[in-house]
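Okay, so here's the structure we're looking at.
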Amino acid sequence: MSVMTSRWPGVVRQHLAALRALLVLTVLTGVLYPLVVMGIGQMLFPDQANGSLVRNGEQVVGSSLLGQAFVDAQGNPLPQWFQPRPSAATDPSVKNDPGCNPLFSGASNLGPSNPVLLKSIQDRRAAVAAFDGVPAASVPPDAVTASGSGLDPDISPAYADEQVNRVARARGLDPAAVRALVAAHVQGRPLGILGQPRVNVLTLNIAVAHLH
Amino acid sequence: MSTAEAGWLQAGLLVSALALAYRPLGDYLAHIFTTTRHWRVERGIYRLIGVDADADQRWPTYLRSLLAFSVVSVLLLYGFQRLQAHLLLSLGFPGVKADQAFNTAASFVTNTNWQSYSGESTMGHLVQMAGLAVQNFGSAAVGVVAVIALIRGFARSQTDRVGNFWVDLVRTVCRLLVPIAAVFAVVLIAGGVVDNFSAGHAVTTLAGQHQVITGGPVASQEAIKELGTNGGGFYNANSAHPFENPNPFTNLVEIFLLLVISFALPRAFGRMVGDNRQGYAVLTVMAILWAGSVAGISFFESGYHSGAALAAGGSLEGKEVRFGIPASTLFSASTTLTSTGAVNNAHDSLSPFGGGIAMVNMMLGEIAPGGTGSGLYGILVLAVVTVFVAGLMVGRTPEYLSKKLRAPEIKLASLYILTTPALVLIGTGLAIALSGEQASILNPGPHGLSEVLYAFTSASNNNGSAFAGLSVNTVWYNGVLGVVMLLSRFVPMIFVLGLAGSLASQRAVPASAGTLPTHRPLFIGMLLGVVLIVVALTYFPAEALGPLAEGLH
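Residue numbers (the working numbering), protein chains in the order written: chain A, 8 to 219; chain B, 71 to 623.
Structure (structure tokens):
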């Protein structure tokens, strides 16, 4: 401790020590630690560290981890693409934002008894059933509920299967071939027990676009 | 394999990993705080700070050092956010406005990590990395050092010294948090968590839409956010965001991280008081409460226990497909029981009873296993009360770990237990009574009350998770919740350190035939009973009007 500060009252000295401690910790945990981690990450796992980008040919078309909307300019779902889950990640200042907007990640936060939520589940069920030409009862739960992030890149294998006929019809493809493609894109549980089986919508759609 | 089978095996894998870590990590923790040797880098830090690392402090000095560190932390973090526009990597964001900057500074310094802001549209990379994340380390360490001082109170006798705050702080950061966080941050990157300085780059999606791929130093912050039971997400969606938690593997890693220190601390406690069985007794109570909560939330989420689940065919509103229900409920139970508050699904959309259990988890006082350090001191205070109650039954002066529990100790323990419920219930009552603040409520009916009750429960227990439908970015909520977080963190800590000083000054009394053994099933059962009765008596009326009313409707 320097001669000058030792003459100051205890409480001031304590806060000066605290300030110095905080600055030292900031350098250690707020600068060195994240930079070292980033350096190692960029060196060993550059694809992951930079957002698991997905290319269609040469063109980067998104991230395999971020859901994206497959809609036309009016916000209507396009029948030739597998559709993701409903999304609450919308820009409130944009009318008819189709969701999956990474600048506004988030959930609906609607409570489990909220009439607004119950009505939107019913509406989505009717819309999906009509769009896919299936009975309302066979629309799976993930098709009618908004995800936690609004960016869910996956759908359940059941929802992917349920969309096969509509996608095949819109593209003039054999439904069996599309169904086989879906089956090949089902990701099982890691280690057989973690999480739930799922289908990544973006990679499935890239594959289906290349199916002839 | 059925979803339920996979879910239980997944929980079993987690328990096995935690069990494997218990002894080595607990022993290492005990070593950190008992060795007299300093690392060379630590000596350098002590010189920079200007403290004598070999001088132990009396408890008031220890407390004043802790408070000084926290006060300076709040002020610096507040200033950092306010000045953001003038700093590097601000992504063009303006300075955070005063009420929100205060709320956020209080939130991160108190290990709450309540977020009235949305990360991706408020905070630049530098503020996240060198401001918020620094407090993820600092606040976690402050919790750890407080319980270490309390343990020394039990372990030492006839001394007025409880340790050196600066040494404990620096060792917790350098020897515990930074090494573990660094290793797991890289593991998370390997799993897909992003870590870069990108300001976001626009792409044209497959269907011709415009999408901005966000970036940021996420993995380094994610690792300490879980390890330090902090919980403040880099992005608004927190651990539901695929860039924070990309797959079921990273999900399990994150749950492991947020539990591992708090579950290993009882081992350090047992070691430091010289009887490992004492650690196992506390661990057992924590584990029973944790397992019960996991089972409870899982039960109510996996069936059709809400209108939404019934209508949709499953409780998937606010949940991610890659996690499904078991990996979501495992996260929800663990995060609300540890004062972490990170979420991988939207708690506001949990079934009424599922959300109710999440709330009760916090109301337990964050003790099963609780936040880093704060969980263990919380349950030790309840153990003190339990021993006291047992002493009343047989008419003897109660002793715990060879220390007599006299009037001063019981007063401190009682004050500790009263602080949090007072803040929760008075705060909720005020928010409901003020008509202006009712406008913040999103959902109608009893669920609206639940949103407010959840907010004050979360802030007062330094959890940080939310029924996020409540619009809390108002001057009133930012101010009041900020004050609540500060009071609920530091007032109980005053009592804990007072207790540490009071216990350390005593002479150890040898155990006699009338001493209640505190490592046997009888004591474990009594401690469980005290925990549950205290919570039930305190919160039942509020729970009845919120989640119970909604669930039974």
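C-beta atoms are modelled at their ideal positions from N, C-alpha and C, and glycine is treated no differently.
Note that the structure is a prediction, hence the values are computed from the model and not measured.
heavy atom of the ligand SAM below 6 Å from residue i C-beta
| i | result |
| --- | --- |
| residue 506/B | Here there are no bound small molecules, and the ligand SAM is not part of this structure. |
Where the beta strand (DSSP E) containing residue i begins and where it ends
| i | result |
| --- | --- |
| residue 70/A | 66-70 |
| residue 274/B | 271-274 |
| residue 231/B | 231-233 |
| residue 60/A | 60-63 |
| residue 207/A | 205-207 |
CB contact below 7 Å: residue i versus chain B
| i | result |
| --- | --- |
| residue 230/A | Since the first residue of chain A shown is 8 and the last is 219, residue 230/A is not available in this structure. |
| residue 8/A | Note on residue 8/A: pLDDT 43, under 50, position unreliable in the model; no value is reported. |
| residue 81/A | no |
| residue 45/A | yes |
| residue 11/A | Residue placement at residue 11/A cannot be trusted, given a pLDDT of 47 that sits under 50; the coordinates are not used to answer. |
| residue 218/A | no |
| residue 136/A | no |
| residue 33/A | yes |
| residue 156/A | yes |
| residue 21/A | yes |
| residue 205/A | yes |
Interface partners of residue i on chain A, CB under 7 Å
| i | result |
| --- | --- |
| residue 512/B | 116 |
7 Å Cβ cutoff, residue i in contact with chain A
| i | result |
| --- | --- |
| residue 418/B | yes |
| residue 319/B | yes |
| residue 507/B | no |
| residue 108/B | no |
| residue 151/B | no |
| residue 392/B | yes |
| residue 214/B | no |
| residue 79/B | yes |
| residue 86/B | no |
| residue 134/B | yes |
| residue 138/B | yes |
| residue 195/B | no |
| residue 504/B | no |
| residue 256/B | yes |
| residue 90/B | no |
Within chain B, partners of residue i - CB distance below 7 Å
| i | result |
| --- | --- |
| residue 56/A | 259, 264, 265 and 266 |
| residue 38/A | 200 |
| residue 182/A | Those within 7 Å of residue 182/A in chain B number zero; the least Cβ separation is about 21 Å. |
| residue 67/A | 273 |
| residue 163/A | 391 |
| residue 100/A | Neighbours of residue 100/A on chain B: none; closest Cβ ~11 Å, over 7 Å. |
| residue 196/A | 76 and 318 |
| residue 188/A | Correct list: empty, because the minimum Cβ distance to chain B is about 15 Å. |
Interface residues of chain B facing residue i [CB-CB closer than 9 Å]
| i | result |
| --- | --- |
| residue 77/A | 275, 276, 277 and 279 |
| residue 130/A | Residues of chain B passing the Cβ test: none, with the nearest at roughly 11 Å. |
| residue 209/A | 275 and 276 |
| residue 6/A | The question about residue 6/A has no answer here: the residues shown for chain A are numbered 8 through 219. |
Residue i - containing alpha helix (DSSP H), residue span
| i | result |
| --- | --- |
| residue 548/B | 545-574 |
| residue 466/B | Element bounds for residue 466/B: n/a, residue is neither H nor E. |
| residue 135/A | 122-139 |
| residue 283/B | Unbroken run through residue 283/B is the beta strand (DSSP E), 280-283; no alpha helix (DSSP H). |
| residue 508/B | 505-508 |
| residue 163/B | From DSSP, residue 163/B is part of no alpha helix (DSSP H); its letter is neither H nor E. |
| residue 511/B | Per DSSP, residue 511/B belongs to no alpha helix (DSSP H) and is neither H nor E. |
| residue 295/B | 288-297 |
| residue 624/B | Outside the displayed range of chain B (71 to 623) lies residue 624/B, so it cannot be described from this structure. |
Chain A contact residues for residue i, given Cβ-Cβ distances below 8 Å
| i | result |
| --- | --- |
| residue 119/B | 24, 27, 28 and 31 |
| residue 236/B | 24 and 28 |
Chain-ordered neighbours of residue i on chain B, where CB pairs are closer than 8 Å
| i | result |
| --- | --- |
| residue 110/A | 190, 191, 270, 282 and 284 |
Neighbour list for residue i in chain A, Cβ cutoff strictly below 9 Å
| i | result |
| --- | --- |
| residue 207/B | 32, 35, 36, 37 and 40 |
Could you check whether the region 452-459 of chain B touches the region 595-607 of chain B, counting it as contact only if at least three pairs of C-beta atoms, one from each stretch, sit closer than 8 Å?
yes
Does the region 203-212 of chain B touch the region 25-35 of chain A, meaning 3 or more C-beta pairs lie closer than 8 Å?
yes
Where the region 300-318 of chain B meets chain A: residues whose CB sits under 8 Å from a CB there:
From the region 300-318 of chain B, only 305, 306, 307, 310, 311, 312, 313, 316, 317 and 318 have a Cβ closer than 8 Å to chain A.
Identify each residue in the region 439-457 of chain B for which the Cβ-Cβ distance to at least one residue of chain A is less than 7 Å, and report them in chain order.
none
Counting pairs of Cβ atoms below 8 Å between the region 529-539 of chain B and the region 412-431 of chain B, do you hit three or more?
yes
Give a yes or no on contact between the region 117-134 of chain A and the region 82-101 of chain B, applying the rule of three or more CB pairs nearer than 8 Å.
no
Do the region 438-446 of chain B and the region 382-392 of chain B make contact, defined as three or more Cβ pairs closer than 8 Å?
no
Is the number of C-beta pairs between the region 150-170 of chain A and the region 105-113 of chain A that are closer than 8 Å three or more?
yes
Would you check if the region 574-587 of chain B and the region 487-501 of chain B touch, i.e. whether three or more CB-CB distances between them fall below 8 Å?
no
Mind the definition here: the region 282-301 of chain B touches the region 75-84 of chain A only if three or more C-beta pairs lie below 8 Å; say whether that holds.
no
Kindly confirm or deny that the region 183-202 of chain B and the region 83-93 of chain B touch, where touching means at least three C-beta pairs closer than 8 Å.
no
Across the region 392-400 of chain B and the region 74-87 of chain B, are there enough close Cβ pairs to call them in contact, namely three or more that are closer than 8 Å?
yes
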